[in-house]
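What follows is one structure encoded as structure tokens, with my remarks underneath.
There are 4 protein chains.
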Amino acid sequence: MPASPRVRSGNRRDEAARLAVLHAADDLLVSHGFAALTIEAIAREAGVAKQTIYRWWPSKVEILLDTLIGDTVKRLRVPEDSSADSLRGYLVTFARFVTEDPAGKVFLALLAQGQHDPATAESLRKRYLVPRRILERELLARAVAAGEIAPVLGLDALLDALFGPIVYCALTGSVVNAELIDALFMSLVRPCG
Amino acid sequence: MPASPRVRSGNRRDEAARLAVLHAADDLLVSHGFAALTIEAIAREAGVAKQTIYRWWPSKVEILLDTLIGDTVKRLRVPEDSSADSLRGYLVTFARFVTEDPAGKVFLALLAQGQHDPATAESLRKRYLVPRRILERELLARAVAAGEIAPVLGLDALLDALFGPIVYCALTGSVVNAELIDALFMSLVRPCG
Amino acid sequence: MPASPRVRSGNRRDEAARLAVLHAADDLLVSHGFAALTIEAIAREAGVAKQTIYRWWPSKVEILLDTLIGDTVKRLRVPEDSSADSLRGYLVTFARFVTEDPAGKVFLALLAQGQHDPATAESLRKRYLVPRRILERELLARAVAAGEIAPVLGLDALLDALFGPIVYCALTGSVVNAELIDALFMSLVRPCG
Amino acid sequence: MPASPRVRSGNRRDEAARLAVLHAADDLLVSHGFAALTIEAIAREAGVAKQTIYRWWPSKVEILLDTLIGDTVKRLRVPEDSSADSLRGYLVTFARFVTEDPAGKVFLALLAQGQHDPATAESLRKRYLVPRRILERELLARAVAAGEIAPVLGLDALLDALFGPIVYCALTGSVVNAELIDALFMSLVRPCG
DNA sequence: AAGTAATCGAGACGGTACGTCATGTCTTAGC
DNA sequence: GCTAAGACATGACGTACCGTCTCGATTACTT
């Protein structure tokens, strides 16, 4: 199997090129950091022409969002089960995602880039934060309805209070304390029983 | 008063140039965003030679850190008084700083840039986060010793739990809820009396 | 004729850009001297990006060499005819070239720059001096074979003896004496008859 | 003898600094070429402040001229004796000077720089070329008067015809042929007897 | 002996150009 | 109509020198 550069698809969008771009972006971010994540580097790494990237993505941020959304579906599912335990488990999973998973680095990078560029902030919010937030709010609502938890706060504020510290620790490079998650959970979510 | 564009200082560092750079960086960040904050733009805006910037600052991040540290001293003092009330007031001040003060934008931009560049993360931590954290830990310790509060967590974790949600809301562009701060304060800090 | 700043050539080298660079370099050298001949000035004058210059030429010296070679082909042809008269005419043409023609200024500038930079010296020699010298030697050889001249020196030394004084006068800003050329020609080349 | 960097001369011009600058310029030209001969490099090499150079020399060219004039007096004397032989010897000495002596490199560099900058050309002419030319013309005049030579050309043109080829060979990096000097001497100067 | 003046080293300053890199737009030619 | 390839104008990067300047020290002439 010498080269087989890739079968050209001719008229249609080349799925292989799409995947190659997504993987190249992901790999570069993890291996060399956001600073090295240039369109030219992605094209080089993916073996794809620059124009092919510009044709399908308006910016490198959207590429990262595509990989992040894909990876989140695979590795950071919002649980269906609304027990207090599965809720707590979700917090722990999120903490691991954000500190250890390469896709978590993508999330942090996008959150960061959102501070430098309003368009990124808007995209991240619309395509990622809001949809997740809806799922999470529903999860909490189900748990409240089931009498599993009795939060001391409105659902949105509660979610900020729970995820905020985890994200902040990840951003500042502190370890995310298990004690911290426990205390937040006990004090704010108030599991019943 | 004819012209006098600026008095040259000759052999010594030119204080006027230093201030011009700091202000230019601050202004550009606020007015055009981090993306427009290039060394050339700062030099242009400040009426200063590029080399003068490179002579004194290793990167634009250090310029921003200088402005941030200066502004924090002026507008985000850690209170001396260790009452529960002044502690809560500090949280509110921080929330306003981070969402409304131009210097707060600088802080968020640096936190963000730290995700893209480890050197920034390290500088921010050493020159800003750690010194502030020390002061805040001492504040909490005094309050505990005075019997003003009875926190449910270790001091570091507690600080992350308190500031994390505020920073997270600022990063995602959500409003920082007063209810949120209250609930965190009541549930985690547990003011006595 | 609306605007049409220049038609972009896309994938291929842009011939218009190439010519614009050559002319800009030539014009700048003649109008403002070698000191003003910076890559940035050429790019400005030619309405071309700096990178376009660096893509095709390793240095401004090679740009000048390109113009010199082109101009020499047009205005300083080595004669085909090997009569003593045409040989003498060639010397006179060379003297005019080197003192009056803008392309002659380019030649002198390159010869000069060769003293400051060995790479220039090497390029000038390989791309200009040696090829011309070959043609001139052949010319002399033909004239000797035809019995037109009977030089008192080897061909290479003879060429140095003939062109050296002309170049030296041009370099020092002296006028190139017609008497000088005649005397050299009579004494060293020794036309027969 | 620990350091003794140099004795300060106080009010007067510091002769040691003057010499250090001349030697540094000379050394740098020979060792690293004209391109590396910057005022800053000379100051560095000489252990002298930049301002000290600017105070006494209007440009680096004048520094080189100072060294050249000094070295010429020492190593390229125009002979007093007006015999044909000593005249021929002078030509050979000049050829060696220009191809082997470091001071010869200085001469070529200045001649070259004169092509890039009219002020240099003017200085070189006034301070070096013209004074030498006067001496050389006198030498020839004495030789003619003494019946030692019978040149076929006016004295100035003759000098150009003699030195031109030597300089040209030095400029193009060719070897200066002994045969060449002989032929020029015999054909143009025509020594009697 | 005290004051004046010029020199020196050091080095900051506003500039200009360097050569490199990534941007996003474009055209070509092949499938 | 997609693709790989890559030229192009733009503009920032960080570095090196330019020539001017100001400083504080040193030393020699004046009074």
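Protein chains in written order, with our numbering: chain A, 1 to 193; chain B, 1001 to 1193; chain C, 2001 to 2193; chain D, 3001 to 3193. Heads up, the beta-carbon is just placed ideally off N, CA and C, and yes, glycines get one too. Predicted model, so just to flag it, every value in this text is computed and none were measured.
| Query | Result |
| --- | --- |
| Assign Pro118 of chain A to one of three DSSP states: helix, strand, or coil. | helix |
| Between which two residues does the alpha helix (DSSP H) containing Arg1044 of chain B stretch? | Ile1039 to Ala1046 |
| Would you give the residue range spanned by the alpha helix (DSSP H) that Val2144 of chain C belongs to? | Val2130 to Ala2145 |
| Starting from the beta carbon of Ala112 of chain A, find every residue of chain B whose beta carbon is closer than 8 Å, and list them in chain order. | Leu1111, Ala1112, Gln1113, Gly1114, Gln1115 and His1116 |
| Pair every Cβ in the region 7-27 of chain A with every Cβ in the region 66-84 of chain A, then say whether three or more of these pairs are closer than 8 Å. | yes |
| On the three-state DSSP scale, how would you describe Ser3004 of chain D? | Per-residue confidence for Ser3004 of chain D stands at a pLDDT of 47, beneath the threshold of 50, marking its modelled position as unreliable; the derived number appears in the next sentence. Three-state result, Ser3004 of chain D: coil. |
| Can you tell me whether Pro118 of chain A is buried or exposed? The criterion is at least 16 other CB atoms within 10 Å of its CB, across all chains shown. | exposed |
| Flag this pair as touching only if the region 1138-1156 of chain B and the region 174-190 of chain A have three or more C-beta atom pairs under 8 Å; answer yes or no. | yes |
| Look up Pro3102 of chain D in the DSSP assignment and say whether it is helix, strand or coil. | helix |
| Spatial neighbours of Lys3050 of chain D within its chain, please: CB distance less than 8 Å, with the 5 preceding and 5 following residues excluded, ordered by chain position. | Ile3039, Glu3040 and Ala3043 |
| For my contact list, Tyr3090 of chain D and Val2167 of chain C are in at a C-beta cut-off of 8 Å; report their separation, rounded to the angstrom. | No, Tyr3090 of chain D and Val2167 of chain C are not in contact; Cβ-Cβ is about 21 Å, not under 8 Å. |
| Using a Cβ-Cβ cutoff of 7 Å, what residues of the region 1024-1045 of chain B are near chain A? List them in chain order. | Gly1033, Phe1034 and Ala1035 |
| Pull the bridge partners of Ile3166 of chain D from the DSSP assignment, please. | Paired residues: none, contrary to the question. |
| Around the C-beta of Lys2126 of chain C, are 16 or more other C-beta atoms found within 10 angstroms, so that it is buried, or is it exposed? | exposed |
| If you draw a straight line from the alpha carbon of Glu136 of chain A to that of Ala143 of chain A, how long is it in whole angstroms? | 11 Å |
| Using C-beta distances below 8 Å, list every residue in its chain close to Arg18 of chain A, excluding the 5 sequence neighbours before and after it, in chain order. | Trp56 |
| Any idea which residues DSSP pairs Ile3149 of chain D with across the strands? | D:Pro3191 |
| For the alpha helix (DSSP H) that contains Asp66 of chain A, what are its first and last residues? | Lys60 to Arg75 |
| What does a CB cutoff of less than 8 Å around Arg3013 of chain D pick up in its chain, not counting 5 residues either side in sequence? | Trp3056 |
| Exposed or buried, what is Lys2060 of chain C when buried is set at 16 or more other beta-carbons lying within 10 Å of its beta-carbon? | buried |
| Is it a yes or a no for the region 3102-3111 of chain D touching the region 2098-2106 of chain C, going by three-plus beta-carbon pairs under 8 Å? | no |
| Would you give the residue range spanned by the alpha helix (DSSP H) that Arg3018 of chain D belongs to? | Glu3015 to His3032 |
| Between Lys3074 of chain D and the rest of its own chain, which residues show a CB-CB distance below 8 Å, the 5 nearest in sequence each way excluded? | none |
| Give the straight-line distance between the Cα atoms of Val189 of chain A and Leu111 of chain A, rounded to the nearest whole angstrom. | 26 Å |
| Going along chain D, which residues have a C-beta under 7 Å from Pro2165 of chain C? | Asp3160, Ala3161, Gly3164 and Pro3165 |
| Taking just the CA atoms, how far does Ala1046 of chain B sit from Ala3016 of chain D? | 42 Å |
| By how many angstroms is the C-alpha of Ala3150 of chain D removed from the C-alpha of Ala3116 of chain D? | Per the sequence presented here, residue 3116 of chain D reads as His, with Ala not at that position. Rounded to whole angstroms, His3116 of chain D to Ala3150 of chain D spans 38 Å at the Cα level. |
| Nearest to Ala1109 of chain B by alpha carbon, out of B:Leu1184, B:Ala1036 and B:Asn1011? | B:Ala1036 |
| Out of D:Thr3052, D:Ser3083 and D:Ser3187, point me to the one whose CA is closest to Leu3158 of chain D's CA. | D:Ser3187 |
| Buried or exposed for Met1 of chain A, please, with buried defined as at least 16 other CB atoms from any protein chain shown within 10 angstroms of its CB. | Note that Met1 of chain A scores 38 on pLDDT, short of 50, meaning its location in the model is unreliable and no value can be drawn from it. |
| Under 8 Å between C-beta atoms, does Thr3052 of chain D make it to chain C? | no |
| Rounding to the nearest angstrom, what Cα-Cα distance links Glu80 of chain A and Pro165 of chain A in this structure? | 24 Å |
| Please confirm if Asn2011 of chain C has its CB atom under 8 Å from at least one CB of chain D. | no |
| Can you give me the start and stop residues for the alpha helix (DSSP H) that Lys1050 of chain B sits inside? | Lys1050 to Trp1056 |
| Please list the residues of the region 1048-1073 of chain B that have a C-beta atom closer than 8 Å to any C-beta atom in chain A, keeping them in chain order. | none |
| If we count the other Cβ atoms within 10 Å of its Cβ and call it buried at 16 or more, is Gly1147 of chain B buried or exposed? | exposed |
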